[in-house]
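Colleague: Sequential numbering of the sequence shown, starting at 2, is according to my numbering.
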Amino acid sequence: MRWIAFLIAAMIAVAIDSGLVGVFTIRPLASATPSLAAVLLAFVALQTRPSTARWAAWVLGIMLDLSPTAAGAVGGIPIIGPRTLGCVAAVQVILLVRPVLFRRRIVTIAVMSGVTWATIGLIAAAVETIRWWLPWTHAMAPPPASTRVLTVLASAIYTAVLGLPIGALLVGTAGLWRFEAVSPRLDYAGSRR
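1. Give me whichever residues DSSP pairs with ILE27 in a beta bridge.
2. As a quick exercise: from GLY122, ALA38, PHE44, pick the residue whose alpha carbon is nearest that of ILE107.
3. Roughly how many whole angstroms lie between the Cα atoms of TRP133 and ALA142?
4. Can you round the beta-carbon distance between ILE63 and ILE81 to whole angstroms, since I take them to be within the 8 Å contact cut?
5. Using the Cβ count rule (16 or more neighbours within 10 Å means buried), how would you classify TRP118?
6. Would you mind stating whether LEU86 and ILE131 have Cβ atoms separated by less than 9 Å?
7. Considering only their Cβ atoms, is the gap separating VAL24 from THR70 smaller than 9 Å?
8. Taking only runs that begin and end inside the segment 46–85, name each unbroken alpha helix (DSSP H) of 4 or more residues, in chain order.
9. Taking TRP137 as part of the alpha helix (DSSP H), name the residues at either end of that continuous run.
10. Hey, out of VAL172, ILE121, ALA10, whose CA is closest to PRO152's CA?
11. Could you tell me whether the Cβ atoms of VAL15 and ALA58 are closer together than 9 Å?
12. Could you check the C-alpha separation between ILE13 and LEU163 for me, to the nearest Å?
13. Leaving out the 5 sequence neighbours to the left and right, which residues in its chain are closer than 8 Å to ARG99 when beta-carbon positions are compared?
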């Protein structure tokens, strides 16, 4: 994989996620907010080698934790960890189910984007809750669990819907990424040749 292409795409995705969060948020639907970074991470995890996908998860997770909209910032100081761990866990989930998926299908990328954002959101919520329980952190009280889970699930569905056009764009640019050869089952049409 071309790391320059990934870093440019990751910077654009994180910038759009943090810069336009108010524009894309649907307040009546549990404040659901989509993530272009989750779509990018799902796309990369579906296409490249497992070790490269894990490194991409670490890089993108740190970028998400350092973004201005990262939850858990105390006194303006970002906390690296919640979204980074979520990205690594999301890539592990994708790598587990990847052998049975058609990787270059737009619908697959969209669904895995929703799964990615749900995993990131749930891990981040768990880390924030654990931080709040620790007596030495002075963390703010997290929202009620039912509200947080509803927001995470609504955001995951919203990300999956947004993953359709963004996934189509990413599949169209797959030649620029120079993904390494991975095991079979890239596509149904490719497996019939």
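Glycine included, each C-beta is placed from N, C-alpha and C at the ideal position.
Modeller: Taking the coordinates as given:
1. Working through the sequence shown from its first residue, we reach residue 27 at position 26. Bridge partners of ILE27: ALA33.
2. Against the sequence shown, residue 107 aligns to sequence position 106. It is PHE44 whose Cα lies nearest to the Cα of ILE107.
3. Taking the first residue of the sequence shown as 1, we reach residue 133 at position 132. Taking the first residue of the sequence shown as 1, we reach residue 142 at position 141. For TRP133 and ALA142, the distance between alpha carbons rounds to 6 Å.
4. Translated into the one-based positions of the sequence shown, residue 63 becomes position 62. Translated into the one-based positions of the sequence shown, residue 81 becomes position 80. Yes, they are in contact, since the Cβ atoms of ILE63 and ILE81 sit about 6 Å apart, within 8 Å.
5. Here residue 118 refers to the residue found at position 117 when the sequence shown is read from its first residue. Buried: at least 16 other Cβ atoms inside 10 Å.
6. If you number the sequence shown from 1, residue 86 lands on position 85. If you number the sequence shown from 1, residue 131 lands on position 130. Cβ atoms of LEU86 and ILE131: not closer than 9 Å.
7. What you label residue 70 is simply residue 69 of the sequence shown in a count that begins at 1. What you label residue 24 is simply residue 23 of the sequence shown in a count that begins at 1. The answer is no: Cβ separation not under 9 Å.
8. 51–67
9. Position 136 of the sequence shown holds residue 137. Segment: none, TRP137 is in no alpha helix (DSSP H) and carries neither H nor E.
10. Your numbering for residue 152 matches position 151 in the sequence shown. Looking at the sequence itself, residue 152 is Thr, so the reference to Pro does not match. The option with the nearest alpha carbon to THR152 is ILE121.
11. For the purposes of this step, residue 15 is taken as the residue at position 14 of the sequence shown. For the purposes of this step, residue 58 is taken as the residue at position 57 of the sequence shown. Not a contact, by the Cβ cut-off of 9 Å.
12. For the purposes of this step, residue 13 is taken as residue 12 along the sequence shown, with counting starting at 1. For the purposes of this step, residue 163 is taken as residue 162 along the sequence shown, with counting starting at 1. Using only the alpha carbons, I get a separation of about 16 Å.
13. The residue you call residue 99 lines up with position 98 of the sequence shown. Around ARG99: ALA46, LEU47.
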